[in-house]
Amino acid sequence: MIGLLTYRNVRFIAHVRHQPNHNRLSIWEHQMTRMMLTQTLLSILCTLPRVIFVIYSIATIGENTTRNFDQLSIIFTADYLSAFIVGINFASSFYIFLLSSPRFRRTIQIYLKHRFNLNHYQIDPTNTPIAVPTLSEHQC
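This is the structure we're talking about:
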C-alpha cells in the first residue's frame, strides 16, 4: 500500500512540475517509479507465504493434538521458512535500489572507493622510520 501511495505522489510531483514542452517523465521519476513498483511487488511476494501459513494454522488449529512428529516437523519447517522469507523483505530495499538505479550504484561505488581508498592513482605517504647512525665517542 505504501508503495502505491509513493507511486501516486511521484506522479503528482511530475504533474505539478509539468512544463508545456516536457511531456516525458524525468530520469529520477522513472527510477523512483521502477524502485517503488519493484519494492511493492517483492513485498507482496515475500508476505504471501506467511499469510498462507497463518491461514493454514488457523484452519487446522484443532488438529494439533492428533499430529505425529513428522507432521509437526513439516509444520515447524514451513513456519521458519515463511518467517525467513518475510525477513528477506526488510533487507531487499538496498538490493532493489542497487539493481534498478544507476545513480545509486554510482553513489555506492564512490562511497566504497573513498571508504577503502581504492583510487589506483592515489599516492599515500608512508611513515617508515629512517635509521640515523649516531656518533659515539669511539668514532670521533
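In the working numbering, the protein residues as written are 316 to 455.
Idealized CB from N, CA, C, for every residue including glycine.
All of these numbers come straight from a predicted model, not from anything done at the bench.
Checklist entry - Just to confirm, are Ser397 and Gln346 a CB contact at a threshold of 7 Å? => result no
Item to check | Pairwise C-alpha distance: Met351 and Glu344 | outcome: 10 Å
Next on the checklist: Taking the straight line between their C-alpha atoms, what separation do you get for Ile373 and Thr392?
Outcome noted: 17 Å
Next on the checklist: Between the alpha carbons of Phe419 and Leu413, how many angstroms are there, rounded?
Outcome noted: 6 Å
Item to check | Assigned secondary structure, Asn432 (DSSP; H/G/I helix, E/B strand, else coil) | outcome: coil
Checklist entry - What did DSSP end up calling Asn404 once you bin it into helix, strand or coil? => result helix
Next on the checklist: So the candidates are Ser341, Gln354 and Ile342; which of them puts its Cα closest to the Cα of Leu483?
Outcome noted: Any answer about residue 483 is impossible in this case: the structure gives the chain only from 316 up to 455.
Checklist entry - To the nearest whole angstrom, what separates the beta carbons of Ile400 and Arg430, a pair I think is in contact under 8 Å? => result About 31 Å separates the two Cβ atoms, so there is no contact after all.
Next on the checklist: Taking a contact to mean a Cβ-Cβ separation below 7 Å, would you say Cys361 touches Ile411 in this structure?
Outcome noted: no
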